[in-house]
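Reviewing the structure listed below.
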Amino acid sequence: MIIIGKKKLIGAAVFSFLLILATAIWGYKVGMQSTLKSDSELVLFFGFIGAGLEFCLLIAMLVYAKRKENDFLMVTKAIQLNGILSDSRAKKLGNLGIVLQEALDDAYQITAQKSLKIAGLNGLIDELLLLIDRPLLVVSLTGDILNFSAKAQTETGCKKGDVLAEIAPAINLREAIQHATLTHAAVQQDTHIVCTPVFSVTGTLSFFLVDLSEQPIVTKVMENVKHLIQKTDTEKKRKNPFLKFFKKTAGVKCIGV
Numbered sequence: 004m005i006i007i008g009k010k011k012l013i014g015a016a017v018f019s020f021l022l023i024l025a026t027a028i029w030g031y032k033v034g035m036q037s038t039l040k041s042d043s044e045l046v047l048f049f050g051f052i053g054a055g056l057e058f059c060l061l062i063a064m065l066v067y068a069k070r071k072e073n074d075f076l077m078v079t080k081a082i083q084l085n086g087i088l089s090d091s092r093a094k095k096l097g098n099l100g101i102v103l104q105e106a107l108d109d110a111y112q113i114t115a116q117k118s119l120k121i122a123g124l125n126g127l128i129d130e131l132l133l134l135i136d137r138p139l140l141v142v143s144l145t146g147d148i149l150n151f152s153a154k155a156q157t158e159t160g161c162k163k164g165d166v167l168a169e170i171a172p173a174i175n176l177r178e179a180i181q182h183a184t185l186t187h188a189a190v191q192q193d194t195h196i197v198c199t200p201v202f203s204v205t206g207t208l209s210f211f212l213v214d215l216s217e218q219p220i221v222t223k224v225m226e227n228v229k230h231l232i233q234k235t236d237t238e239k240k241r242k243n244p245f246l247k248f249f250k251k252t253a254g255v256k257c258i259g260v
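With our numbering applied, the sequence shown corresponds to residues 4 to 260, in that order.
Here you go:
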């Protein structure tokens with residue numbers, strides 16, 4: 004099957020039609036000048052016949068092209084509704100149908116692989132949530148609860164599909180989305196609730212991990228790090244011999260004065 008624009012097809016046919024007429028008229032004039040009246044009339048007659056056949060051929064090609072266009076539209080609608088392309092419909096489109104069917108088969112395989120990967124990741128999330136001993140919710144950007152840990156279900160009685168606002172009314176999800184989009188960091192709301200943003204590999208915000216613990220793990224880690232830094236600074240001051248020497252020297256000078 005050859006795909007060509009309707010305007011180009013009509014233009015080529017009209018050019019051929021006019022060329023046949025022009026050739027016939029030119030042959031008729033030349034024949035009349037050469038006193039070949041019968042032959043010139045015959046040339047003109049066959050020229051008109053050729054032009055008429057050309058016109059009929061153009062009409063037939065346009066009708067055939069319109070039918071193929073309708074077949075193609077029916078195929079696209081069938082793909083949209085059923086997601087498959089039958090062999091009978093593919094054969095109507097010729098080589099284009101075969102290529103389209105091969106492309107759809109490749110797309111189905113890619114979709115199946117992606118679905119398998121998504122299902123595996125969902126299973127991984129379920130297993131990880133079973134290992135977490137904290138009330139943790141997986142929340143979509145629209146506020147729907149997608150998943151949760153066992154402790155979260157025990158404490159809140161939540162179910163998949165519940166709205167976060169019913170479980171934790173103090174959370175302002177819109178504010179959390181704005182803050183996470185700008186900072187890519189966890190957002191603390193209320194006195195103890197922490198919303199940790201989760202981004203896709205393309206950097207798009209996908210959902211939130213909402214920690215409902217009295218002391219969220221993010222806050223706990225920050226406090227531990229802060230305590231460790233303070234402890235390290237204190238030990239450095241105690242072990243610094245120059246600081247001790249400076250203090251002793253300053254004390255002696257004060258006594259002397």
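The beta-carbon is built from N, C-alpha and C at its ideal position, and this holds for glycine as well. Just so we're clear, the structure is a prediction, and the values are computed from it rather than from any experiment.
**Asked** Any idea which residues DSSP pairs Gln-192 with across the strands?
**Response** Taking the sequence shown and counting its residues from 1, one reaches residue 192 at position 189. According to DSSP, Gln-192 bridges with Ile-196.
**Distance between Glu-105 and Thr-186 (C-alpha atoms, nearest Å)** = Taking the sequence shown and counting its residues from 1, the one referred to as residue 186 is at position 183. Taking the sequence shown and counting its residues from 1, the one referred to as residue 105 is at position 102. Computed Cα separation, rounded: 45 Å.
**Message:** Judging by CA-CA distance, which residue of Lys-120, Arg-137, Leu-65, Tyr-67 is the nearest neighbour of Asp-214?
**Reply:** Mapped onto the sequence shown, residue 214 falls at position 211. Residue Arg-137 is the option with its Cα nearest to Asp-214.
**Asked** Who are the near neighbours of Tyr-31 in its chain, counting only those whose CB is closer than 8 Å to its CB and skipping five residues on each side?
**Response** What you label residue 31 is simply residue 28 of the sequence shown in a count that begins at 1. The residues are Ser-43, Glu-44, Val-46, Leu-47, Gly-50.
**Asked** If you draw a straight line from the C-alpha of Asp-147 to the C-alpha of Ile-87, how long is it?
**Response** Looking up residue 147 in the sequence shown gives position 144. Looking up residue 87 in the sequence shown gives position 84. If you take the alpha carbons of Asp-147 and Ile-87, they lie about 33 Å apart.
**Request:** Rounded to whole angstroms, what's the CA-CA distance from Leu-24 to Thr-79? Just pull it up for me.
**Result:** Taking the first residue of the sequence shown as 1, we reach residue 24 at position 21. Taking the first residue of the sequence shown as 1, we reach residue 79 at position 76. Roughly 42 Å separates the two Cα atoms.
**Request:** Compute the distance between the beta-carbons of Leu-140 and Ala-155, then report whether it is under 8 Å.
**Result:** Taking the first residue of the sequence shown as position 1, residue 140 is located at position 137. Taking the first residue of the sequence shown as position 1, residue 155 is located at position 152. Result yes, Cβ atoms of Leu-140 and Ala-155 sit closer than 8 Å.
**Asked** Leu-208: which of His-182, Trp-29, Thr-114, Ser-216 sits nearest, CA to CA?
**Response** Within the sequence shown, numbered from 1, the residue matching residue 208 stands at position 205. When only C-alpha atoms are compared, the closest one is His-182.
**Message:** Quick check on the burial criterion: 16 or more other C-beta atoms within 10 angstroms. Buried or exposed for Gly-100?
**Reply:** On the sequence shown, residue 100 is found 97 positions in, with the first residue counted as 1. Buried.
**Item:** Nearest-angstrom Cα separation, counted from Asn-175 out to Ala-110
**Value:** For the purposes of this step, residue 110 is identified with residue 107 of the sequence shown, where counting begins at 1. For the purposes of this step, residue 175 is identified with residue 172 of the sequence shown, where counting begins at 1. Taking the straight line joining both Cα atoms gives about 40 Å.
**Message:** Suppose you measure from the CA of Val-224 to the CA of Leu-103; what does that come to, to the nearest Å?
**Reply:** Residue numbering aside, residue 224 sits at position 221 when the sequence shown is read from its first letter. Residue numbering aside, residue 103 sits at position 100 when the sequence shown is read from its first letter. Annotation note: pLDDT 47 at Val-224 (below 50); position unreliable, no value reported.
**Request:** Just the C-alpha distance for His-195 and Glu-158, rounded to the nearest angstrom, thanks.
**Result:** Taking the first residue of the sequence shown as 1, we reach residue 195 at position 192. Taking the first residue of the sequence shown as 1, we reach residue 158 at position 155. Answer to the nearest angstrom: the Cα atoms are 15 Å apart.
**Request:** Classify Leu-149 as helix, strand or coil using the three-state DSSP reduction.
**Result:** Counting from 1 along the sequence shown, the entry for residue 149 is found at position 146. The answer is strand: DSSP assigns Leu-149 an E or B state.
**Prompt:** Since Asp-214 is in the beta strand (DSSP E), which residue starts that stretch and which ends it?
**Reply:** Against the sequence shown, residue 214 aligns to sequence position 211. Unbroken beta strand (DSSP E) run through Asp-214: 208-214.
**Request:** Compute the distance between the beta-carbons of Ala-54 and Phe-18, then report whether it is under 8 Å.
**Result:** Residue mapping note: residue 54 aligns to position 51 of the sequence shown, counting from 1. Residue mapping note: residue 18 aligns to position 15 of the sequence shown, counting from 1. It is not a contact, given that the beta carbons lie outside the stated cut-off.
**Request:** Quick one: give me the first and last residue of the alpha helix (DSSP H) that Val-142 is part of.
**Result:** Start at 1 with the first residue of the sequence shown, and residue 142 comes out as number 139. Here Val-142 belongs to no alpha helix (DSSP H); instead the beta strand (DSSP E) covers 139-143.
**Item:** Alpha-carbon spacing of Ala-15 relative to Ser-91, whole angstroms
**Value:** By one-based count along the sequence shown, residue 15 stands at place 12. By one-based count along the sequence shown, residue 91 stands at place 88. Answer to the nearest angstrom: the Cα atoms are 32 Å apart.
**Request:** Label Val-166 either buried or exposed according to how many other C-beta atoms from any shown protein chain fall within 10 Å of its C-beta, with 16 as the threshold for buried.
**Result:** Residue mapping note: residue 166 aligns to position 163 of the sequence shown, counting from 1. Exposed, because fewer than 16 other Cβ atoms sit within 10 Å of the Cβ of Val-166.
**Message:** Any heavy atom of the ligand ZN closer than 7 Å to the beta-carbon of Asn-98?
**Reply:** No copy of the ligand ZN appears in this structure; indeed no ligand is present at all.
**Option in Gly-164, Ile-170, Ile-135 with minimal Cα separation from Glu-153** = Position 150 of the sequence shown, counting from 1, holds the residue named residue 153. First, the amino acid is wrong: residue 153 is Ala here, not Glu. The shortest C-alpha separation from Ala-153 is found at Ile-135.
**Request:** Determine the closest residue to Thr-145 out of Phe-210, Lys-69, Trp-29, with distance taken between C-alpha atoms.
**Result:** Taking the first residue of the sequence shown as 1, we reach residue 145 at position 142. Nearest of Phe-210, Lys-69, Trp-29 to Thr-145, Cα basis: Phe-210.
**Message:** Taking 8 Å as the threshold (C-beta atoms), are Cys-198 and Ala-168 in contact?
**Reply:** Position 165 of the sequence shown, counted from the start, is the residue given in the question as residue 168. Position 195 of the sequence shown, counted from the start, is the residue given in the question as residue 198. It is not a contact, given that the beta carbons lie outside the stated cut-off.
**Among Asn-85, Leu-96, Gln-191, Gly-126, nearest to Tyr-67 - alpha-carbon criterion** = Position 64 of the sequence shown holds residue 67. The shortest C-alpha separation from Tyr-67 is found at Leu-96.
**Prompt:** Under three-state DSSP, which class holds Val-166?
**Reply:** Indexing the sequence shown from 1 puts residue 166 at position 163. Of the three classes helix, strand and coil, the one that applies to Val-166 here is strand, per DSSP.
**Asked** How many Å lie between Val-33 and Met-64 at the Cα?
**Response** On the sequence shown, position 30 is the one that residue 33 refers to. On the sequence shown, position 61 is the one that residue 64 refers to. Each residue's Cα considered, the two are about 34 Å apart.
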